[in-house]
Structure formats: C-alpha cells, structure tokens
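Note sheet for the following structure.
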Amino acid sequence: MGLTATSQYSHAHKAFLFCNYTLLGAATSCVFLTLSLRLLPSPCGLLLIALHALTAVAAASACATTPASTARWHAAHMVSTVLAAIFQGAIALLAFTRTADFLAELRSYVREEDGAVILKMVGGLGLAVFCLEWVALAVAFVLRYHACVEGGDANGRRSSKVGNEEELKDWPWPFQV
5 MGLTATSQYS HAHKAFLFCN YTLLGAATSC VFLTLSLRLL PSPCGLLLIA LHALTAVAAA
65 SACATTPAST ARWHAAHMVS TVLAAIFQGA IALLAFTRTA DFLAELRSYV REEDGAVILK
125 MVGGLGLAVF CLEWVALAVA FVLRYHACVE GGDANGRRSS KVGNEEELKD WPWPFQV
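Each position in the sequence shown, counted from 1, maps to that position plus 4 in the numbering used here.
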C-alpha cells in the first residue's frame with residue numbers, strides 16, 4: 005500500500021532483469037541443445053542456431069543497459085524482441101506439431117528417436133522463451149512509460165513542449181486541464 009513510484013520502478017526493473025536473465029539462460033540452453041543435434045552443415049540448422057544466439061544476445065544487451073536509456077535503444081530492443089519471439093513461437097510450434105518433417109529438413113546426424121526428443125526439448129524451451137520475451141516486452145514498456153511520465157525524457161530532464169496552464173485553457177473541451 006505504501007509503495008512509492010521509485011520502489012515500483014525498482015520492482016519493475018528487477019522483474020525486467022529477472023526475465024532477461026532467464027531468457028539468456030533458456031536461449032543458451034536452446035543453442036546447446038540445437039548443437040547436440042549436429043546440424044552445422046545444414047543451412048536451416050544454422051538459421052535455428054542463429055535465432056537462439058540472437059535471442060541470447062538481445063537478452064544480454066537488455067541486462068547490460070537500462071530500458072529507459074534512449075528511445076532508439078528502446079525501439080531496437082522492442083523490434084528485435086518481437087521478431088525473435090515470433091520466430092521462437094514458430095519454431096516451437098514446428099517442433100511439437102511436425103517433429104519428423106522438421107527434423108528431416110534440419111538434416112540431423114543423430115538417430116531419429118533421439119533427435120525427436122532433443123527437438124521437442126528445444127520446442128519446450130522455445131515456448132518458454134516465447135512467453136518470457138512477451139513478459140519482458142511488457143515490463144520494458146512499463147519501464148519506458150514510467151521514464152517518460154516521471155522524468156520527461158530518458159536523461160531525467162522535464163519536457164517543456166507544453167506551456168503553462170493558461171495556454172491549455174484555450175484548447176477544446178476534452179483536452180482542457
């Protein structure tokens with residue numbers, strides 16, 4: 005009940021870091037599981053490994069910087085996370101619904117039964133990554149919104165775009181203060 009705005013921001017920032025550290029762990033686990041399929045000569049397998057690596061790099065960069073740093077960083081983080089989430093969800097769906105066909109397309113060198121189990125594990129982690137990325141996006145949005153509302157801009161300077169209340173009284177009804 006007695007939470008202040010800064011403590012709420014602190015809790016949201018801790019949740020953002022927790023989501024991104026968990027994403028980092030899940031994405032690197034996906035990389036190692038995918039590497040255990042022995043896919044390196046396959047172009048589709050290389051793209052799958054690159055997707056997991058991109059997810060890990062995006063999560064690591066999100067942990068290293070604050071989401072309220074700049075608008076450009078925030079936009080880049082949002083775009084990369086949304087794209088990675090969409091592709092992670094698609095990979096998870098393929099891994100669960102069309103395991104044999106997807107494994108044949110990957111041209112894995114492991115036994116088919118073992119490959120199917122590994123691919124389903126990658127699919128399960130991909131589903132977890134998909135959900136965590138959307139949670140991280142929501143928390144990043146909350147943090148950015150808080151930075152814009154409380155601080156004006158990312159550097160804490162108040163915006164002076166709107167003049168005093170006298171100027172606002174001339175505005176039409178719904179926009180008056």
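Idealized CB from N, CA, C, for every residue including glycine.
- Residues A99, F100 and T103 of the same chain have their beta carbon placed closer than 7 Å to that of K124, with the five preceding and five following residues left out of the count.
- A buried status is given to C34, since no fewer than 16 other beta-carbon atoms sit within 10 Å of its beta-carbon.
- Just so you know, the alpha carbons of R42 and A108 end up roughly 13 Å apart.
- Around the beta-carbon of H15, fewer than 16 other beta-carbon atoms lie within 10 Å, marking it exposed.
- In this model, A79 and I90 are separated by some 17 Å (Cα to Cα).
- In this structure, C23 and V133 do not form a Cβ contact; the two beta carbons are roughly 11 Å apart against a cut-off of 8 Å.
- No residue range can be given for R102, since it is assigned to no alpha helix (DSSP H) and is classified by DSSP as neither H nor E.
- The straight-line gap separating the alpha-carbon atoms of C67 and Y25 is approximately 7 Å.
- In the structure shown, S65 adopts helical secondary structure according to DSSP, grouped into three states.
- With respect to the 9 Å criterion, S65 and S112 are not classified as neighbours on the basis of their beta carbons.
- About 5 Å separates the beta carbon of A19 from that of V143, a gap short enough to meet the 8 Å contact definition.
- Rounded to the nearest whole angstrom, the C-alpha separation of L131 and F106 is 16 Å.
- Cβ-Cβ distances below 7 Å link V146 to A16 in the same chain, with the five nearest sequence neighbours on each side left out; the list follows chain order.
- Runs of the alpha helix (DSSP H) lying entirely within the stretch 85 to 145 and spanning at least 4 residues, in chain order: 103 to 110.
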